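First comes the structure, then the notes that go with it.
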Amino acid sequence: MALFGGLISKFKKVTNKWSQGVSNLFSDSPLTDEFWEELEENLLAGDVGIEMAENLIEDLRQTATDRRIAHTAELKGAFAEMLIERLEEIQGMGRPIDVSVTPSVIILVGVNGSGKTTTAGKLATILLQQGKSVILAAADTYRAAAIEQLKAWGERASVRVIASTHGSDSAAVVFDAIQAAKAAKTDAVIVDTAGRLHTKSNLMDELAKVGRVAAREAPGGIGESLLVLDSVMGQNGFVQAEVFNAAVPLTGVVLSKFDNTAKGGIAFSIAGKLKLPIRYVGLGEGASDLELFSPQVFVHALLDMENANDAEN
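Dropping the structure here:
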């Protein structure tokens, strides 16, 4: 997979739903109170969040004053730099998953319907394309359909799937998968956990057990624990992060179904509020439609900047 192959065009399809209003504000018009009000309204409409939107407006106003900028078009580049900086200040933003320890264990968590099983299959595809070997662990034992779905991904990618019967102990599945990976010297174990409501303490306790087993049995402990967050939910999904992080400390976020949302500003909300790096974004249903998140490409596509291609270099 090319590092950002097709990412600009995919992001533009997403951001155009929201960004036209933002980008169009930076025409060659004088800076007025109306401009600042409309910019804030557009940021809020895109799910940037009140606190982040206010901070961006305040900083951009200061930039306009410091640089004696009188027209909106002159602010566009400064605004892009500001947005990129907000994303890049979170360490690990857009970093590939680390499989330097064999086997590396990647645990995917999230609520029902967030897209964990599909993400597991896509991550396996990415690692296979990098020449890595993968085992998928079907630790979602609550839904027989989830086990079958993961097996289908395994067949498609010619990847071994460790599974048990419906209703079995999910931690035992993870144990078996790690032992199998050790025996076969497999590079990575991707664990698909059950979708669970963050308000159900018993289910979160079980997830914590999965984490303890993985931390104990994997040579390097848990390599990655990624929250798969449905982009369509927007900020309604933020409370999930705190609860899941308590059960299995999170190393990042995968934004699934990003191609279905008109609120691309969720990326800035995650950076500003959750302080978690976005690692990948789902931009389609295909096996190759999981992409590394690039702050530069995302912002340049958002603002429809002519030099967006520079972000690929």
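In the numbering used here, the protein residues as written are 60 to 372. Glycine is no exception: its CB is placed at the ideal position from the N, C-alpha and C atoms. Given the structure is predicted, the values throughout are model-derived calculations rather than measurements.
Taking a contact to mean a Cβ-Cβ separation below 8 Å, would you say Val233 touches Val269 in this structure? In the sequence shown, the residue the question calls residue 233 occupies position 174. In the sequence shown, the residue the question calls residue 269 occupies position 210. For Val233 and Val269, yes; Cβs fall inside 8 Å.
Counting only the same chain and skipping the five closest in sequence on each side, list residues whose C-beta sits under 6 Å from that of Asn319. Here residue 319 is taken as the residue at index 260 of the sequence shown, counted from 1. Taken in chain order, the residues that qualify are Val291.
Determine which residues share a DSSP beta bridge with Tyr339 and list them. Taking the first residue of the sequence shown as 1, we reach residue 339 at position 280. Paired residues: Val313 and Leu351.
Please state whether DSSP places Asp318 in a helix, a strand or coil. If you number the sequence shown from 1, residue 318 lands on position 259. In this structure, Asp318 counts as helix in the three-state DSSP scheme.
Buried/exposed call for Thr91, threshold 16 Cβ in 10 Å: Position 32 of the sequence shown holds residue 91. So Thr91 counts as exposed.
Specify, as a first and last residue, the run of the alpha helix (DSSP H) that Thr122 falls within. The residue given as residue 122 occupies position 63 in the sequence shown. Where Thr122 is concerned, the enclosing alpha helix (DSSP H) stretches over Ile109 to Asp125.
For the alpha helix (DSSP H) that Ala204 lies in, which residues bound it at each end? Taking the sequence shown and counting its residues from 1, one reaches residue 204 at position 145. Here the alpha helix (DSSP H) through Ala204 covers Ala203 to Ala216.
Could you tell me the distance, in whole angstroms, from the CA atom of Val81 to the CA atom of Ala132? Taking the sequence shown and counting its residues from 1, the one referred to as residue 81 is at position 22. Taking the sequence shown and counting its residues from 1, the one referred to as residue 132 is at position 73. Approximately 12 Å, taken between the alpha carbons.
Which ranges would you report for the beta strand (DSSP E) in the stretch 213 to 287 if only whole runs of at least 3 residues count? 219 to 221 and 247 to 252
Bounding residues of the beta strand (DSSP E) (the contiguous stretch that carries Val193): Here residue 193 refers to the residue found at position 134 when the sequence shown is read from its first residue. It spans Val193 to Ala198 - the beta strand (DSSP E) in which Val193 sits, taken as one unbroken run.
Taking the CB atoms as reference points, tell me whether Ile185 and Ile249 lie closer together than 8 Å. Here residue 185 refers to the residue found at position 126 when the sequence shown is read from its first residue. Here residue 249 refers to the residue found at position 190 when the sequence shown is read from its first residue. Result no, Cβ atoms of Ile185 and Ile249 do not sit closer than 8 Å.
Lys334 burial status per 10 Å Cβ neighbour count (16 or more: buried): Translated into positions along the sequence shown, residue 334 becomes position 275. Classification for Lys334: exposed.
Can you name, in chain order, every residue of its own chain whose Cβ lies under 7 Å from the Cβ of Met364, other than the five neighbours on each side? Here residue 364 is taken as the residue at index 305 of the sequence shown, counted from 1. Taken in chain order, the residues that qualify are Ala139.
If you draw a straight line from the alpha carbon of Ala196 to that of Phe297, how long is it in whole angstroms? For the purposes of this step, residue 196 is identified with residue 137 of the sequence shown, where counting begins at 1. For the purposes of this step, residue 297 is identified with residue 238 of the sequence shown, where counting begins at 1. Straight-line Cα distance between these residues: approximately 26 Å.
So, using beta-carbon positions, are Asp228 and Leu167 closer together than 8 Å? One-based indexing of the sequence shown puts residue 228 at position 169. One-based indexing of the sequence shown puts residue 167 at position 108. No, these two residues do not count as a Cβ contact at 8 Å.
Taking the continuous alpha helix (DSSP H) assigned at Ile325, which residues delimit it? For the purposes of this step, residue 325 is identified with residue 266 of the sequence shown, where counting begins at 1. First-last of the alpha helix (DSSP H) with Ile325: Ile325 to Ser328.
Pair every Cβ in the stretch 301 to 316 with every Cβ in the stretch 196 to 212, then say whether three or more of these pairs are closer than 8 Å. no
Backbone CA spacing between Val193 and Leu134 [nearest angstrom]: Counted from its first residue, the sequence shown places residue 193 at position 134. Counted from its first residue, the sequence shown places residue 134 at position 75. Rounded to whole angstroms, Val193 to Leu134 spans 47 Å at the Cα level.
Distance between Ser328 and Glu100 (C-alpha atoms, nearest Å): Working through the sequence shown from its first residue, we reach residue 100 at position 41. Working through the sequence shown from its first residue, we reach residue 328 at position 269. Glu100 and Ser328: Cα-Cα distance of roughly 15 Å.
Which stretch, first to last residue, makes up the alpha helix (DSSP H) that contains Leu362? Walking along the sequence shown from the start, residue 362 turns up at place 303. Run containing Leu362: none; DSSP gives neither H nor E here.
Pull up the DSSP beta-bridge partners for Ser163, would you. Position 104 of the sequence shown, counted from the start, is the residue given in the question as residue 163. Ala247.
Separation of Gln299 from Met263, as counted between CA atoms: Translated into the one-based positions of the sequence shown, residue 263 becomes position 204. Translated into the one-based positions of the sequence shown, residue 299 becomes position 240. Cα-Cα distance, rounded: 11 Å.
Proximity winner among Gly169, Leu119 and Ser159, relative to Leu253 (alpha-carbon distances): As a position in the sequence shown, residue 253 is number 194, starting the count at 1. It should be noted that the sequence gives Ala, not Leu, for residue 253. Cα-wise, what sits closest to Ala253 is Gly169.
Under three-state DSSP, which class holds Asp92? Here residue 92 is taken as the residue at index 33 of the sequence shown, counted from 1. Here Asp92 sits in helix by DSSP.
Start and end of the alpha helix (DSSP H) containing Phe85? Counted from its first residue, the sequence shown places residue 85 at position 26. It is not in any alpha helix (DSSP H) - Phe85 carries neither H nor E in the DSSP assignment.
Tell me Val168's beta-bridge partners as DSSP assigns them. Within the sequence shown, numbered from 1, the residue matching residue 168 stands at position 109. Paired residue(s): Leu286.
Short of 7 Å in beta carbon distance, which residues of its chain neighbour Ala203, apart from the five on each side in sequence? Order them along the chain. Translated into the one-based positions of the sequence shown, residue 203 becomes position 144. Hits under 7 Å: His225.
What did DSSP end up calling Gly105 once you bin it into helix, strand or coil? For the purposes of this step, residue 105 is taken as residue 46 along the sequence shown, with counting starting at 1. Coil, per DSSP.
Determine the contact status of Lys191 and Val158, defining contact as a CB-CB distance below 8 Å. By 1-based counting over the sequence shown, the position of residue 191 is 132. By 1-based counting over the sequence shown, the position of residue 158 is 99. Yes, the Cβ-Cβ distance between Lys191 and Val158 is below 8 Å.
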